[in-house]
Structure formats: structure tokens, C-alpha cells
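Take a look at the structure set out below.
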Amino acid sequence: MIHTPEDADTRRAIEPVICYPNDTLPVPDLELYAQALAGAEVVLVAIAAPREACTFRVPAGSFFRIVSVDGPQVGDLNLWNAHDLSERFYSGKTRALHGTHVTTGERLWSSFPTLRPMATIVEDTLGWYGIDTYGGSVHDVIGTRCDPYTGNLLSGVQYHHCCHSNLTRALADATGMTLAEAEPHVHDVLNVFMCTGFTRDTGQYFMKASPVRPGDHLTFFAEIDLLGALSACPGGDCSAEHTSDMAACYPLRVEVLQPAERALDGWSSPAVNGYDRSHGRG
Numbered sequence: 001m002i003h004t005p006e007d008a009d010t011r012r013a014i015e016p017v018i019c020y021p022n023d024t025l026p027v028p029d030l031e032l033y034a035q036a037l038a039g040a041e042v043v044l045v046a047i048a049a050p051r052e053a054c055t056f057r058v059p060a061g062s063f064f065r066i067v068s069v070d071g072p073q074v075g076d077l078n079l080w081n082a083h084d085l086s087e088r089f090y091s092g093k094t095r096a097l098h099g100t101h102v103t104t105g106e107r108l109w110s111s112f113p114t115l116r117p118m119a120t121i122v123e124d125t126l127g128w129y130g131i132d133t134y135g136g137s138v139h140d141v142i143g144t145r146c147d148p149y150t151g152n153l154l155s156g157v158q159y160h161h162c163c164h165s166n167l168t169r170a171l172a173d174a175t176g177m178t179l180a181e182a183e184p185h186v187h188d189v190l191n192v193f194m195c196t197g198f199t200r201d202t203g204q205y206f207m208k209a210s211p212v213r214p215g216d217h218l219t220f221f222a223e224i225d226l227l228g229a230l231s232a233c234p235g236g237d238c239s240a241e242h243t244s245d246m247a248a249c250y251p252l253r254v255e256v257l258q259p260a261e262r263a264l265d266g267w268s269s270p271a272v273n274g275y276d277r278s279h280g281r282g
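Here the UniProt record's numbering is used: position 18 in the sequence shown is 18, and no number is missing along the way.
Written as C-alpha cells, this is what we have:
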């Protein structure tokens, strides 16, 4: 039997402390990025078909935009350094630095030991949504990605069009790796357009119908040369089912935009993290 201490309410009432105050983070020059974006031209388009994934490459100093087309659809995004797949998007540290959901002015950070900005969000047409009465918001860095292993664990199924498998196939096709070689590089995602949160009573991860509509988009500035992969989730707008062949699903479009020459004068790609990696020895 659990005994409730007499000072339980006092302990619960202790005010929280932010683990990683972010007011010392380098501040992106959003005005410069906006000016460059205003004159940028689309140079590449990739389509993530329903229940499939696409890949795309974005040079440092360019933009990429994820666009809802045809109907409400969420997507799972992976990013890698285009020249070194060991440097990849680190959703956990992005969450620690910015919060459970990201929007304009916030950044996607890379894994250790580089820990630097990979991409900066410069446009978010769902930025109006905020946090709803259930604690839900959009573009989360808390969900991992739907995958065949959890599906098998919970339901005994062999389902291959979940986001983990979609991203694995897409990365293998883009790099010439085998599926076995590509799979370890697939990582926790940015859930683009997905509306999620945690239940107040049980603390469980929840999803609800995404507010995204055709034409809505999320635009990023590439801080380094990027290889990206985007899966159009088999849950569609995730209003009812997380992984399903029955949910209504729609494509997602990725546009790569190149700014005009000299539009980013003064900008430079961020250096890798300055920690000396000695870890207390020598």
C-alpha cells in the first residue's frame, strides 16, 4: 500500500525550474531569411505519396517547404548532414531546448558531437493554433514515428507502410544502401502538422485531428547541406488511427527554394559544437 506523506501537497506545490534556459542560444536572423525567401525560386519538387516517403537534398543557404495538398495529412521528417549521415536531427535535444512543439524562429538541432542548428523554421501557417484546451499543439518532437516493431508488439501484425519503414526504404533508395544498412540511420522525427500532447490524468501521448488544410505549409532554412526524408503517415490526419490502410491519406509536397545570388551576404553555416570532446581526460 502506498502511504501519502503529510506534506504531499507542499511537495507538489514546488514551482518548476526550466532545465535549459534558452535565452543564450544563438539567435537566427529571421529578417535576413525572410528577405532571402521572398526572392527565392523553387528548384526542386518531391512528392511523398500517401503511405510512402520521399527524399530531397537542400544545399546550405537554401530553403525547403513542406506543403499540404489535396487533404489533411501529417508527415514524419528525418534530416541528415548530406555528407555524413552520423550527424542527424536530434529530436530529444530540440525538445529540451525549445519545447514539445516547434514553430517559427525555432531550430532543429543535430546529434552529438556536432550539436548545431541543422534547419531553422521561417514560416508556419499553423502558428495560430498555439496550445489547445487539451494541451495539444502542432509540429511535435515528442512522438518517435509509427513503426513495425511496436505494431508487432501490440497487435502481432506485419505492417510495412508505417513511417519507420517508409523512411528506411526511401533512404536506401536515395543512397544505394541495403535496407539493413539504411535502417540504423532512421531516427526520431519531427511530426510535421501532427496535433499531439499528453493526457492530464495518465500522462499518455495523444493525437487528435490535425488542423492542417491544403495550402498550409512549414518552411525551413537549411543551415547546413541536408539530406531529408519525409513520410506521409498512414494515419492520414491522425484523427482516429495511427497506422492504417483504412485512414484517408493524402500526398505531401516538398519544395526546395534557392535564394537569389548574394541574398544571404554575411550569413555563414554554423560551426560544429565547441566542446573539446576530452570528457575530462587528457
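In this text, a Cβ means the ideal position worked out from N, Cα and C, and glycines have one as well.
Keep in mind that this is a model prediction, so the values were computed, not measured.
Beta bridge pairing from DSSP links V67 with H217 and R253. Separation of T10 and T4 (C-alpha to C-alpha, rounded to the nearest whole angstrom) is 12 Å. About 6 Å separates the CB atoms of V272 and R116; that is less than 8 Å, so the two are in contact.
A contact is defined here as three or more CB-CB pairs under 8 Å, and the region 223-241 meets this definition with respect to the region 159-166. Ranking T114, G156 and I18 by CA distance to the CA of W80 puts T114 first.
In this structure the region 170-180 lies against the region 50-61, because at least three pairs of beta carbons, one per stretch, are closer than 8 Å.
Per DSSP, reduced to three states, the secondary structure at C163 is helical. One alpha carbon belongs to G61, the other to T104, and they sit about 17 Å apart.
Per DSSP, R51 lies in no alpha helix (DSSP H) and is assigned neither H nor E.
Around the beta carbon of R169, 16 or more other beta carbons sit within 10 angstroms, so the residue counts as buried. D216 is a Cβ neighbour of L126, given a cutoff of 8 Å.
Straight-line measurement puts the Cα of W109 at about 7 Å from the Cα of A119. A48 sits close to L252, with the two beta carbons spaced by under 8 Å.
From the listed residues M207, T219 and P270, the smallest Cα separation to D132 is found for M207. In this model, S86 and F112 are separated by some 9 Å (Cα to Cα).
Counting along the chain, the unbroken alpha helix (DSSP H) around H98 starts and ends at S91 to H98.
F198 is bridged by DSSP to Y205. Looking at the DSSP output, E41 sits in a beta bridge with Q258.
Per DSSP, reduced to three states, the secondary structure at R57 is strand.
In the DSSP annotation of this structure, the continuous segment of the beta strand (DSSP E) that includes L227 starts and ends at L226 to A232. Only exposed fits Y205, as fewer than 16 other CB atoms lie within 10 angstroms of its CB. For G236, the closest of D225, C146 and I2 by C-alpha to C-alpha distance is C146. When secondary structure is reduced to three states using DSSP, L25 falls in the coil class, being assigned neither helix nor strand. N191 and Q158 have their C-alpha atoms some 23 Å from each other. The Cβ atoms of A40 and F63 sit closer than 8 Å to each other. Excluding five sequence positions before and after L77, the CB atoms of its chain that fall closer than 6 Å to its own CB belong to V189, L190, V192 and L230, given in chain order. By the CB criterion at 8 Å, V102 and L30 fall outside the cutoff. Membership of E123 in the beta strand (DSSP E) is indicated by the continuous run P117 to D124.
One Cα belongs to G130, the other to T199, and the distance between them is close to 17 Å.
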